[in-house]
Structure formats: structure tokens, C-alpha cells
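A.B. asks:
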Amino acid sequence: MVRRVVLWVLEPSRGETKAVGGDSRVGIELDLEPYLEAASLQREKENRTDALVGDWSATYFSCLCCPAALKTLNPQLKVVVMLRDPADRTLSRFLEQKRHHRGPFGAVTANHTFASWVAFELAELRGCLERAAVLKAPPGVGTGAGGPEFPGWGAGWSLHQWMEAQCYSRSNIVGWSVYAPFLENWLAQFGPQKVLVIYTSELATQPLATLRKVEAFLGAPPFQYADDVVSLVFNSRDCYHWRCAKTKAEIRSWDAASNGTNAGINSTNTAFQAAMQGLVEFYKPEMQRLFKWADARKIAQVPEEWRKTYGG
Numbered sequence: 001m002v003r004r005v006v007l008w009v010l011e012p013s014r015g016e017t018k019a020v021g022g023d024s025r026v027g028i029e030l031d032l033e034p035y036l037e038a039a040s041l042q043r044e045k046e047n048r049t050d051a052l053v054g055d056w057s058a059t060y061f062s063c064l065c066c067p068a069a070l071k072t073l074n075p076q077l078k079v080v081v082m083l084r085d086p087a088d089r090t091l092s093r094f095l096e097q098k099r100h101h102r103g104p105f106g107a108v109t110a111n112h113t114f115a116s117w118v119a120f121e122l123a124e125l126r127g128c129l130e131r132a133a134v135l136k137a138p139p140g141v142g143t144g145a146g147g148p149e150f151p152g153w154g155a156g157w158s159l160h161q162w163m164e165a166q167c168y169s170r171s172n173i174v175g176w177s178v179y180a181p182f183l184e185n186w187l188a189q190f191g192p193q194k195v196l197v198i199y200t201s202e203l204a205t206q207p208l209a210t211l212r213k214v215e216a217f218l219g220a221p222p223f224q225y226a227d228d229v230v231s232l233v234f235n236s237r238d239c240y241h242w243r244c245a246k247t248k249a250e251i252r253s254w255d256a257a258s259n260g261t262n263a264g265i266n267s268t269n270t271a272f273q274a275a276m277q278g279l280v281e282f283y284k285p286e287m288q289r290l291f292k293w294a295d296a297r298k299i300a301q302v303p304e305e306w307r308k309t310y311g312g
């Protein structure tokens, strides 16, 4: 569970958020004491009692043991999860690796187009899921009432469910877009009241309202964001960096952003269209679970466009 972690401290009375540490070698199982020390000492260093201390990592969500580990560290933890249209997330992650050859999957995707990579990774995933299916309990066994509403790793998952989730967790580009097992795992440990699900589409169209929602959830006072900053886009497909911000008008289309690569991203290309549709069909079953949770008000309502795309 080695994760890129950035520890931050929010000082409500000052309206400031600042990073106080970040190390790619940080891992809860690697060395627990420094993690605890870094988090617990911040209030003492600042001589404050009203500071909110937390961390973020883009890889926590798909980490199967992280919810249980973080629940042990802090049972009162509040979790914010931001989700993107799953097929778009897959496309974005692939293009990122094609444009940045030193990325974790730059080498293995180098000779692939988007269509060929999707075919490759879907085949790997389906093979893994078939092997996991062997572990499924026979009909009528273990299907009675009384189980947890949201089972998870160490919290009610069967061996079959655990291996299925592991299949998705090990598939970074395609598998990480299968959101339901990962979200279920976090809900199993923290419950719907402590997990806020937001969506990139609402951040794009209503950035300030989305930030206010997060502030209210965390118990942080509203911060006065500059209008010209809150509307900027960071880590866009035109610039994968926190120090590089773009306006929406400056961000090029998928097709244009892939120029200079052999990604084969072309909205009019038959192979590309088939790959995107193949992803939609693959994601549909697990997306239905998200729709069900949203309708039951266990998570925030999903974007309407998702229902149109994934049949909800």
C-alpha cells in the first residue's frame, strides 16, 4: 500500500490550506509511526486546536486494504470521493501515459493504440474474473438475509468478491473505472454518512457550489475563492501538472490532444468508437449498482448523462 500522499492542514480561522508533507515512499504498512506523527503533530506545531488535518491520494480509492487501515487510524475520518464518467476516465488515463512516456504505464502502452490497449486489458480482466467466478458460493449458500448492506475487505466480502475487486484493482487503466466494488469497500468501513461522493461534471459546471459542498461536509468555513482561479482547470489533458492551469476554452479536444502520439484517438475512427462502446458495455453492470445507491440516497445522485450512457 505504498501511495503518493500529500498531508495538508486546513486552518479554519485563517481560511488557509497548506501542504505540510508529501513523499512517494509513504505507506501506512511501510512505517506507521511517521504517518501518525506527521498527522498528530500539526496542531501542536501550529499551536492551534481548530486545524483540520487530512491527506489525499489519487490511488486510495482502488486500494483494497486502505479503507480498513484508515478506519483503524481514525474512526472519525471523513472521506471525499470524486468520480468521472468511467469510459472517459479510462481514455484520459491512457492518453496521459501515451503523452508522458516516463509514467508508470508509458512503456507498456507505447506500441498500443487506444483500441488495441482496451482489447488487451479487457481480455486480461475477463480472464481474471472468470478465475474469480470459480470461488463463487453455490446457489443458496450464504445468500440469506442478515449480511452487511455494504460488505468490504475484512468487512463481509466473500473470497469471490475479494478476488473480483483485486482483478479491477490490478487493472490501472481499465479496471480502476469499475467504481462500485471500490466505493462499496469504503462505504463498508465508514458508512454513507462519512463518505461524500461528488462528480467531475459538477465540478466543471458548478465549481464554487461543489467546493462549498466539500467545505460543509468537512466542517470547514467557506473560503473566499477568487473567481478567476476557481474556474481554472488543473491537470487537464493539455497539461498534467498542478502548476499549469487552463481555462476551459484553452483545452483541446481528445483528438487534438493526442496528436503526435500513436494513440489512435479519433472520434470518427471505427476502431476507436468500437473501443469506447466496448468499455460502456463492460462498465454497465457495475454502474447499475451506483444508480441503485444513488436512488436510495446512499450516495449523491449520479449525473443524468451517466444513466443515458450506461442504461440506468
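Residue 1 is where the sequence shown starts when you use UniProt numbering, and the numbers rise one by one after that.
Just so it is clear, CB atoms sit at the ideal spot from N, CA and C, and this is done for glycine as well.
Because the structure is a prediction, the values reported are computed rather than measured.
(1) Using 8 Å as the cut-off, can you tell me whether the stretch 199-214 makes contact with the stretch 169-177, which would need three or more C-beta pairs spanning the two stretches below that distance?
(2) In this structure, how does DSSP classify Ser236 when only helix, strand and coil are distinguished?
(3) Considering only DSSP beta bridges, list what Tyr199 is partnered with.
(4) In three-state DSSP terms, what is Val174?
(5) If you drop the 5 nearest sequence neighbours on each side, which residues of the same chain put their C-beta closer than 7 Å to that of Arg99?
(6) From Arg170 to Ser116, what distance separates their C-alpha atoms?
(7) Provide the residue(s) that pair with Ala245 in DSSP beta bridges, ordered along the chain.
(8) Ignoring anything shorter than 4 residues, give me the alpha helix (DSSP H) runs that lie fully in the stretch 252-276, in order along the chain.
(9) What does the alpha-carbon distance come out to for the pair Ala165 and Glu124?
(10) Considering only the beta carbon of each residue, do Ala188 and Pro151 sit closer than 9 Å?
(11) Could you check where the alpha helix (DSSP H) with His160 kicks off and where it finishes?
(12) Between Gly264 and Phe272, how many whole angstroms is the CB-CB distance? I'm expecting something under 8 Å.
(13) With burial defined as no fewer than 16 other Cβ atoms inside 10 Å of the residue's Cβ, what is the status of Ser101: buried or exposed?
(14) Please classify Arg289: does DSSP put it in a helix, a strand, or coil?
(15) Is there contact here, the stretch 248-256 with the stretch 230-239, by at least three beta-carbon pairs under 8 Å?
(16) Can you tell which of Ala119, Val53 and Val80 has its C-alpha closest to the C-alpha of Ala275?
(17) Measuring straight from C-alpha to C-alpha, what distance separates Leu129 and Pro222?
(18) Which value, in whole angstroms, describes the spacing of the CA atoms of Ala220 and Leu52?
(19) One question on the structure: do Val233 and Thr210 come within less than 9 Å of each other, judged by their Cβ atoms?
C.D. replies: Reading from the atomic positions:
(1) no
(2) By 1-based counting over the sequence shown, the position of residue 236 is 236. If DSSP states are grouped into helix, strand and coil, Ser236 belongs with the strands.
(3) Counting from one through the sequence shown, the residue named residue 199 turns up at place 199. BP columns for Tyr199 point to Leu83.
(4) Against the sequence shown, residue 174 aligns to sequence position 174. Taken through DSSP and simplified to helix, strand or coil, Val174 comes out as coil.
(5) For the purposes of this step, residue 99 is taken as residue 99 along the sequence shown, with counting starting at 1. Excluding its 5 nearest sequence neighbours in each direction, Arg99 has C-beta neighbours in its own chain below 7 Å: Thr261, listed in chain order.
(6) Against the sequence shown, residue 170 aligns to sequence position 170. Against the sequence shown, residue 116 aligns to sequence position 116. Their Cα atoms are separated by approximately 19 Å.
(7) Stepping through the sequence shown from its first residue, residue 245 is reached at position 245. BP columns for Ala245 point to Phe234.
(8) 254-257
(9) What you label residue 165 is simply residue 165 of the sequence shown in a count that begins at 1. What you label residue 124 is simply residue 124 of the sequence shown in a count that begins at 1. Here the alpha carbons of Glu124 and Ala165 stand approximately 14 Å from one another.
(10) On the sequence shown, residue 188 is found 188 positions in, with the first residue counted as 1. On the sequence shown, residue 151 is found 151 positions in, with the first residue counted as 1. Taking 9 Å as the cut-off, the beta carbon of Ala188 is found closer than this to the beta carbon of Pro151.
(11) Start at 1 with the first residue of the sequence shown, and residue 160 comes out as number 160. Per DSSP, His160 is one residue of the alpha helix (DSSP H) stretching across Leu159 to Ser169.
(12) Mapped onto the sequence shown, residue 264 falls at position 264. Mapped onto the sequence shown, residue 272 falls at position 272. Sure, about 6 Å apart at Cβ, within 8 Å.
(13) Within the sequence shown, numbered from 1, the residue matching residue 101 stands at position 101. Sequence check: residue 101 is His here, not Ser. That one is exposed.
(14) Numbered from its first residue, the sequence shown carries residue 289 at position 289. Reduced to three states, the DSSP call for Arg289 is helix.
(15) yes
(16) In the sequence shown, residue 275 corresponds to position 275, counting from 1. The shortest CA-to-CA distance from Ala275 to any of Ala119, Val53 and Val80 is the one to Ala119.
(17) Taking the sequence shown and counting its residues from 1, the one referred to as residue 129 is at position 129. Taking the sequence shown and counting its residues from 1, the one referred to as residue 222 is at position 222. Cα-Cα distance, rounded: 45 Å.
(18) Stepping through the sequence shown from its first residue, residue 220 is reached at position 220. Stepping through the sequence shown from its first residue, residue 52 is reached at position 52. Distance between the alpha carbons of Ala220 and Leu52 is about 8 Å.
(19) The residue given as residue 233 occupies position 233 in the sequence shown. The residue given as residue 210 occupies position 210 in the sequence shown. Cβ atoms of Val233 and Thr210: not closer than 9 Å.
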